[in-house]
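For the working numbering, count along the sequence shown from 1 and bump the result up by 1. The beta carbon of each residue, even a glycine, is placed where N, CA and C say it ideally should be. All of these numbers come straight from a predicted model, not from anything done at the bench.
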Amino acid sequence: MNIKRLKGFRDILPSETPAWRLVEESASRVFGKYGYEELRLPLLEETPLFKRTIGEATDIVEKEMYTFTDAGDNMVTLRPEGTASTVRAYVENGFARSHPKERWFYMGPMFRRERPQKGRFRQFHQIGAECFGWAEPAADADVISMLWDFAVDLGISSRVSMEVNSLGCASDRSAYIEELRKYLESRSDSLCSNCKERTTRNPLRVLDCKSPHCQEATKDAPSLENYLCEDCAEHFTVVCGILSSEKVPFKVNNRMVRGLDYYNRTTFELLTNELGSQNAVAAGGRYDGLVELLGGPAVPALGFAMGVERLVLMVGEGAGIRSAPGAYFVYRTEEGQRRAFSLKRQLIGEGFKADMDYEERSFKAQMRAAGSSGAAFAVIFGESEIAEGKVTIKDMQKGEQVTLDDKEAKDVLIQRLRMESELGD
Ligand SMILES: [Zn+2]
Ligand SMILES: [Zn+2]
Numbered sequence: 002m003n004i005k006r007l008k009g010f011r012d013i014l015p016s017e018t019p020a021w022r023l024v025e026e027s028a029s030r031v032f033g034k035y036g037y038e039e040l041r042l043p044l045l046e047e048t049p050l051f052k053r054t055i056g057e058a059t060d061i062v063e064k065e066m067y068t069f070t071d072a073g074d075n076m077v078t079l080r081p082e083g084t085a086s087t088v089r090a091y092v093e094n095g096f097a098r099s100h101p102k103e104r105w106f107y108m109g110p111m112f113r114r115e116r117p118q119k120g121r122f123r124q125f126h127q128i129g130a131e132c133f134g135w136a137e138p139a140a141d142a143d144v145i146s147m148l149w150d151f152a153v154d155l156g157i158s159s160r161v162s163m164e165v166n167s168l169g170c171a172s173d174r175s176a177y178i179e180e181l182r183k184y185l186e187s188r189s190d191s192l193c194s195n196c197k198e199r200t201t202r203n204p205l206r207v208l209d210c211k212s213p214h215c216q217e218a219t220k221d222a223p224s225l226e227n228y229l230c231e232d233c234a235e236h237f238t239v240v241c242g243i244l245s246s247e248k249v250p251f252k253v254n255n256r257m258v259r260g261l262d263y264y265n266r267t268t269f270e271l272l273t274n275e276l277g278s279q280n281a282v283a284a285g286g287r288y289d290g291l292v293e294l295l296g297g298p299a300v301p302a303l304g305f306a307m308g309v310e311r312l313v314l315m316v317g318e319g320a321g322i323r324s325a326p327g328a329y330f331v332y333r334t335e336e337g338q339r340r341a342f343s344l345k346r347q348l349i350g351e352g353f354k355a356d357m358d359y360e361e362r363s364f365k366a367q368m369r370a371a372g373s374s375g376a377a378f379a380v381i382f383g384e385s386e387i388a389e390g391k392v393t394i395k396d397m398q399k400g401e402q403v404t405l406d407d408k409e410a411k412d413v414l415i416q417r418l419r420m421e422s423e424l425g426d
């Protein structure tokens with residue numbers, strides 16, 4: 002029997018998890034300061050949740066969802082993104098009516114059955130934030146500032162750029178889409194086959210096609226900017242004004258659109274050119290109609306999601322601290338093991354890391370293990386120590402050692418380990 006993990010899935014090994022935690026802890030810390038609370042959502046939802054919110058005519062719903070019928074004949078789907086579930090939870094738990102102003106963040110795996118390619122996984126991870134209850138442009142500026150501050154906290158801000166755009170309201174967009182479609186139809190011969198199809202179904206997406214032919218052919222396509230109504234234009238002006246005065250660096254990109262149907266007005270992306278063509282590390286925007294679409298009252302909202310795999314690549318898979326044990330215990334005989342076990346546990350109780358082998362290997366082998374563990378101290382219960390009721394503490398860096406009784410040894414170890422950890426900080 003040779004069972005392997007599924008194609009497109011991966012194991013995140015202990016050597017990588019410190020970098021993952023670095024990203025997750027940075028997000029929790031920064032979002033928490035902005036008043037966001039953590040929400041934990043189910044991985045599995047009823048299929049119509051995603052069909053209704055993401056839209057039937059999208060690649061995600063048409064081709065990529067992990068959808069199946071469970072034993073009770075329910076059509077269920079592994080969540081392909083987090084916003085739909087967040088809004089569902091917001092409506093279902095009564096917040097939309099009783100306490101509409103909420104700011105939440107979530108993190109966890111998402112699932113899309115995409116064609117396997119380098120750096121893309123069928124189980125991937127997102128951290129997202131959603132801000133419910135405010136239509137004001139200050140809310141948009143606050144969310145974008147928070148995303149920027151996260152990039153600063155994580156230490157990647159010099160390697161990313163923020164782009165913003167306004168998609169206007171539904172009526173602005175339908176007027177624009179009509180003009181855009183006419184324009185695209187007149188250039189249909191120069192478009193890739195995907196974009197030919199998009200011209201009828203989802204013409205906005207043609208604007209962010211990566212094909213150079215499509216980009217060339219749509220160079221002077223009508224710009225959505227010129228179709229914004231007065232209110233939408235004013236909203237966007239205020240968002241940009243706040244960001245400018247706050248010195249959050251950004252660029253307006255009028256060609257930035259969204260694959261998902263539910264976005265309106267402000268939309269933004271955090272981009273990098275370090276990861277090849279897959280260059281958005283975070284994307285988001287306003288989705289004022291989504292709460293109503295899921296059976297709630299009309300509550301304005303906006304948010305974003307970040308790709309954790311991409312952020313981990315940016316900080317470096319080896320980033321983050323793997324803590325070495327503070328003390329490694331070396332012993333002979335059963336009595337030595339008991340005393341080592343007890344002292345090790347007392348140190349752990351005091352907040353330090355400590356380790357030992359459970360198997361009584363040769364003294365030499367245990368000392369080697371102490372050395373390769375990276376521990377600051379070896380704590381030795383050898384035959385002479387046991388005979389005298391003592392224990393030896395060896396400083397692994399300096400090579401100095403001192404022999405004490407167990408109680409003294411504990412006090413000395415606590416004192417020395419505390420000094421080590423202060424030095425480490
Ligand atoms: Zn408008
Ligand atoms: Zn194209």
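Item checked: Helix, strand or coil at Phe106 according to DSSP, with G and I counted as helix -> strand
Check: Which residue's Cα is closest to the Cα of Asn254: Tyr263, Glu164, Arg333?
Finding: Glu164
Check: Quick one: what's got a C-beta closer than 8 angstroms to Ile113's C-beta in the same chain, skipping five residues either side?
Finding: Inspection of the sequence shows that residue 113 is occupied by Arg rather than by Ile. The answer, listed in chain order, is Ile61, Glu65, Met66, Tyr67, Pro81, Arg123, Phe125.
Next item on the list: Please classify Glu384: does DSSP put it in a helix, a strand, or coil?
Entry: helix
Notebook entry, point to check: Just how far apart, CA to CA, sit Ala281 and Met2?
Noted result: 40 angstroms
Item checked: Cβ neighbours of Ala218 in the same chain (closer than 7 angstroms, five flanking residues each side left out) -> Arg188, Ser191, Leu192
Margin query: Taking 7 angstroms as the limit between beta carbons, can you name the residues of its chain near Asn166, skipping five residues before and five after?
Written below: Val253, Asn254, Asn255, Met257, Thr268
Margin query: According to DSSP, simplified to helix, strand and coil, what is Leu208?
Written below: helix
Checklist line | Residue burial classification, Ser27 (beta-carbon count within 10 angstroms, cutoff 16) | finding: buried
Next item on the list: State yes or no: is the beta carbon of Glu103 nearer than 8 angstroms to at least one beta carbon in chain C?
Entry: As a matter of chain content, chain C is missing from the structure shown, which is built from one protein chain.
Check: Going by Cα to Cα distance, which pick from Ile415, Met368, Gly156 is closest to Val316?
Finding: Gly156
Next item on the list: Alpha carbon to alpha carbon, how far is Phe69 from Leu205? Give it in angstroms, no decimals.
Entry: 31 angstroms
Checklist line | Validate contact between the stretch 348 to 357 and the stretch 326 to 335 using beta carbons, cut 8 angstroms, 3 pairs | finding: yes
Next item on the list: Give a single yes or no on whether Gly169 has its beta carbon closer than 7 angstroms to a heavy atom of ligand 1.
Entry: yes
Notebook entry, point to check: Does DSSP put Gly277 in a helix, a strand or coil?
Noted result: coil
Next item on the list: Identify, in the order they occur along the chain, each residue of the same chain with its Cβ nearer than 8 angstroms to the Cβ of Leu42, setting aside the five sequence neighbours on each side.
Entry: Arg80, Gly83, Ser86, Thr87, Ala90, Tyr107, Gly109
Next item on the list: Check whether the Cβ atoms of Ile387 and Arg333 sit closer than 8 angstroms, and answer yes or no.
Entry: yes
Notebook entry, point to check: Could you give the distance in angstroms between the alpha-carbon of Glu247 and the alpha-carbon of Asp74?
Noted result: 53 angstroms
Margin query: Measuring CB atoms only, is the stretch 173 to 185 touching the stretch 282 to 302, in the sense that at least three cross pairs come out at less than 8 angstroms?
Written below: no
Item checked: Residues near Gly372 by beta carbon distance below 7 angstroms, same chain, minus five either side -> Met397
Note to self: I'd like to confirm something about Ser189: is its beta-carbon nearer than 7 angstroms to some heavy atom of ligand 2, or not?
What the structure shows: no
Check: What is the C-beta distance between Pro138 and Gly9, in whole angstroms, given that I count them as a contact (C-beta under 8 angstroms)?
Finding: The Cβ separation is near 40 angstroms, so there is no contact.
Check: Just to confirm, does Val258 get its C-beta within under 7 angstroms of one of the non-hydrogen atoms of ligand 3?
Finding: Ligands in the displayed structure: ligand 1 and ligand 2; ligand 3 is not one of them.
Next item on the list: May I have the straight-line CA-CA distance separating Gly400 from Glu17, to the nearest angstrom?
Entry: 32 angstroms
Notebook entry, point to check: In three-state terms, what does DSSP make of Gln124?
Noted result: strand
Notebook entry, point to check: With DSSP run on the structure shown, which of helix, strand or coil describes Tyr332?
Noted result: strand
Note to self: Using the three-state DSSP reduction, which class does Met76 fall into: helix, strand or coil?
What the structure shows: strand
Check: Tyr270: buried (16+ other C-beta within 10 angstroms of its C-beta) or exposed?
Finding: One detail in the question is off: residue 270 reads as Glu in this sequence, not Tyr. Burial call: buried.
Notebook entry, point to check: CB of Cys241 to nearest heavy atom of ligand 1: below 7 angstroms?
Noted result: no
Notebook entry, point to check: Is Tyr359 buried or exposed, if buried means 16 or more other CB atoms sit within 10 Å of its CB?
Noted result: exposed
Next item on the list: Would you check whether ligand 2 has a heavy atom nearer than 7 angstroms to the C-beta of Asn195?
Entry: yes
Checklist line | Leu185 beta carbon near ligand 2 (any heavy atom closer than 7 angstroms) | finding: no
Item checked: Expected contact under 8 angstroms - CB spacing of Cys170 and Arg259 to nearest Å -> Contact flag wrong, Cβ pair sits at about 14 angstroms.
Item checked: Identity of the residue in Val309, Leu291, Asn94, Phe251 nearest Gly129 by Cα -> Val309
Margin query: Within 10 Å of its beta-carbon, does Val31 have 16 or more other beta-carbons around it, so buried, or fewer, so exposed?
Written below: buried
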